[in-house]
Each structure stands twice: as structure tokens, then as C-alpha cells.
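Asker:
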Ligand SMILES: *Cc1c(COP(=O)(O)O)cnc(C)c1O
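Residue numbers (the working numbering): 62 to 420.
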């Protein structure tokens, strides 16, 4: 059977149906039904973030974040993320300014942010890439000194902690995706968090067309999610600890087996707790990547080139060089670490990687 980079965790079907029945009995299947409210309150508890809204996906929440913070100018961002991080900026008519990444954890290099600030800069939008937190303290310090807003795309970071707190509690706004390919999912979905009361209120209005009953406050959008999705989220939440433990185990199998080889792996900082959502492996050249990918594909293993191309090279934006991100994007693959992956399959993958390590 083919092995892809992720495999969607599905709860036992009976559990899903039993959960769904609760909404069925009310006759309401969307617009903030009981399951969505329950999921929201579970997530608030779990993450320790009282101002949280479950929304329809992890892209629209980025757009809502920019709008709620009144961002219209330049946004300093990372060239190494999923494309939605950049397109949200463009969709909101703002200008992405790319700052290169750190070679150890692939997040934006905070030491290079200040030189990219101009009088048009209004915000920093950074991704906790692969679930590894950015240098949050350094970014907060820069933002404070230059009066910039900070948005974190935490789409990979559910379950990761920074200095003992959920990483989702940092920044002016933090967003997450609960898409089926993510560690915790509700098929399609996402959330947005803001510690600021006014910003949070605006986000709430945006989620449902900008009006409450017959009072029309602001231009909104539809970012609501349904009871069918919330039921999946609630079922999956019951398995979260198991999923996190299993991903960590699978991650460590690769880390141990590939230690001392020429492959570069993610370096986890000491002050964080990692969710082990992804296992990026950086090869020593683009040619080597092609050979390794071919060998893996021949064994019906399909890692993904997360993230290639670097986003500063997207065809619809003016090119701004970022040498580290571009070099890594050409050489990185993500190995599968998903819940159901067997150790036999992992060892098959390791065997191929060891065979090609000096190629
Ligand atoms: C998945 C992802 C998104 C988009 O989330 P959707 O729920 O698919 O819209 C945004 N940013 C990053 C970094 C992602 O990985």
C-alpha cells in the first residue's frame, strides 16, 4: 500500500455517528451549534486561550487577522511556509516583504527582521514552521520597539509549547488550520485567537457576515463551520494525547536511525516543547533529493516537498532574494510520521535513506 506524507486520522465511525446524533437531535447543523460551541470550549481549556473562535479553514483566519488588525501596508513574512501564508497577505491587498529563515529550525530569522523594516511596515506574519515555534521573544521585542503587529500562522503548531504555554497564545493574533492533513483536524477547519478584546470582537463579527441579528457593524465574511465538522473535531480531540505520543515515537525512530549521517534534521530548541508534527529532512543537494525521491517512489513511498518553491519565488510576486530559504526549499522533503505508520514501513524508508546518504 502506498505511503504518503500524511494519513488522515479517522476516529471509529460509530463514535463519529454518536457525536453527530447530538446535533441531529437539535435540528441545527451549522451557525454555532452545540457541537461547535463544545469544541470551542474544549480547545480554550486545552490551549489556555480564552479568546478562540473555530472557523472554516486556516486560510480565511489569516485574512481576517490582517483585516482585524487594520493592516494595509507592508507585512514582513517568511518565504518558507505553505503558500496560504503569502497569498493571505496579497489577498488583503498588502505587500509581503520576505525575511530569510534560520537554518536550524527553518522559522523566520529574527535577527534579520529589523533591516527589512521601512516606514510602511505594519506587521510581521510568521509561521511556526513544521510546528517549531519562532523566536517569539525576539519578535515581540522588535514589534514593540517599532510598533508593529504580530500574527502567527500556527497551522503546524497545534500541541507545541513555548516556555510552558501553548504557542497559540502568542502574538496579537494567532491562527491554526484543522485541515485533514494536519495533526489535529476536523476535515476542514481552523481557529483564530487574539488576547486583545477589541480585535477578538472584530474577528467574531467577521466570522458571520459582520452583523448580529439586525445590527450591521462591519464588512464581514462567512468563516463559520458546521456541526458535521465540529463532531469530527470533538471525536479527534479524544485521541489527541495518543496521536501526539505516537508522532513523537515515529519522529524519534527516524532521528535515531539517521543520526550521524549527512542528512540535516530539525534542531529542536531547549526552551520549547515540540509537537512532532513533521519530520523535515534536508539533503545535501537538489540532485541528491531527486535520487532519494525516485528511490522512495519506487517503493511506493511519497514524501512531500514541504516547502518548495520558497514563497519569494512565486511567479506572481516581485522576486526578493532569500538564499537560505531557497537553498533549503530545493533540498527538503518531509517524511511520514503519521499515527498509523508502522515501524516496519519506517525501517524500509530508513534503509533507502541510508543507502543514498552519500550519493
Ligand atoms: C495548511 C496551512 C494553511 C492553510 O490551512 P487550510 O485550513 O488548508 O486553509 C495555512 N498555513 C500553513 C502554514 C498551512 O500549513
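Beta carbons: idealized from backbone N, C-alpha and C, even for Gly.
1. Taking just the CA atoms, how far does residue 137 sit from residue 178?
2. Can you tell me whether residue 78 is buried or exposed? The criterion is at least 16 other CB atoms within 10 Å of its CB, across all chains shown.
3. Please enumerate, following chain order, all residues with a beta carbon closer than 6 angstroms to at least one heavy atom belonging to ligand 1.
4. Does the Cβ of residue 255 have 16 or more other Cβ atoms within 10 Å, making it buried, or fewer, making it exposed?
5. Could you have a look at residue 80 and say whether DSSP puts it in helix, strand or coil?
6. Where residue 419 and residue 323 are concerned, what is the direct C-alpha to C-alpha distance, given to the nearest angstrom?
7. Of all the beta strand (DSSP E) runs that stay within the bounds of the segment 279-356, which reach a length of 3 or more residues?
8. With a Cβ-Cβ cutoff of 8 angstroms, do residue 234 and residue 126 count as a contact?
9. Give me the DSSP bridge partner(s) of residue 114.
10. Got a sec? Which residues, its chain only, sit under 7 angstroms from residue 395 by beta carbon, not counting five neighbours each side?
11. Let me make sure I understand the geometry here. Which of 223, 318, 321 has the alpha-carbon closest to that of residue 331?
12. If you follow the alpha helix (DSSP H) that residue 388 is part of, which residue opens it and which one closes it?
13. Starting from the C-beta of residue 337, find all residues in its chain whose C-beta is less than 6 angstroms away, skip the five residues before and the five after it, and write them out in chain order.
14. Assess contact between the segment 211-230 and the segment 186-196, defined as three or more Cβ pairs (one per stretch) separated by less than 8 angstroms. Is contact present?
15. Put residue 366 into one of helix, strand or coil per three-state DSSP.
16. Measuring only the C-alpha atoms, how far is residue 303 from residue 294?
17. Can you give, in chain order, each stretch of the beta strand (DSSP E) that sits fully within the segment 204-271 and has at least 3 residues?
18. Less than 8 angstroms separating the beta-carbons of residue 387 and residue 374?
Answerer: Short version:
1. Here residue 178 corresponds to residue number 117 of the chain shown, with the count starting at 1. Here residue 137 corresponds to residue number 76 of the chain shown, with the count starting at 1. Each residue's alpha carbon lies about 8 angstroms from the other.
2. Start at 1 with the first residue of the chain shown, and residue 78 comes out as number 17. The residue is exposed, with fewer than 16 neighbouring Cβ atoms inside 10 Å.
3. 118, 119, 120, 142, 143, 145, 146, 188, 214, 216, 217, 238, 240, 251
4. Here residue 255 refers to the residue found at position 194 of the chain shown. It is buried - the Cβ of residue 255 has at least 16 other Cβ atoms within 10 Å.
5. Walking along the chain shown from the start, residue 80 turns up at place 19. Reduced to three states, the DSSP call for residue 80 is helix.
6. The residue given as residue 419 occupies position 358 in the chain shown. The residue given as residue 323 occupies position 262 in the chain shown. Near 7 angstroms, if we compare the C-alpha coordinates of residue 323 and residue 419.
7. 340-343
8. Taking the first residue of the chain shown as 1, we reach residue 234 at position 173. Taking the first residue of the chain shown as 1, we reach residue 126 at position 65. For residue 234 and residue 126, yes; Cβs fall inside 8 angstroms.
9. Position 53 of the chain shown, counted from the start, is the residue given in the question as residue 114. According to DSSP, residue 114 bridges with 253.
10. Indexing the chain shown from 1 puts residue 395 at position 334. So the list reads 66, 339, 340, 341, 364, 365, 367, once near-sequence residues are dropped.
11. Within the chain shown, the letter at position 270 stands for residue 331. Selected option, being the one with the closest Cα: 223.
12. Taking the chain shown and counting its residues from 1, the one referred to as residue 388 is at position 327. Taken as a continuous stretch (DSSP letters only), the alpha helix (DSSP H) holding residue 388 covers 384-390.
13. As a working note, residue 337 is residue 276 in the chain shown. Same-chain partners within the cutoff: 308, 309, 312.
14. yes
15. Locating residue 366 in the chain shown gives position 305, where the first residue counts as 1. Coil at residue 366, not helix or strand.
16. Position 242 of the chain shown holds residue 303. Position 233 of the chain shown holds residue 294. Cα to Cα, the separation comes out at about 15 angstroms.
17. 210-214, 234-238, 251-254
18. Taking the first residue of the chain shown as position 1, residue 387 is located at position 326. Taking the first residue of the chain shown as position 1, residue 374 is located at position 313. Yes, the Cβ-Cβ distance between residue 387 and residue 374 is below 8 angstroms.
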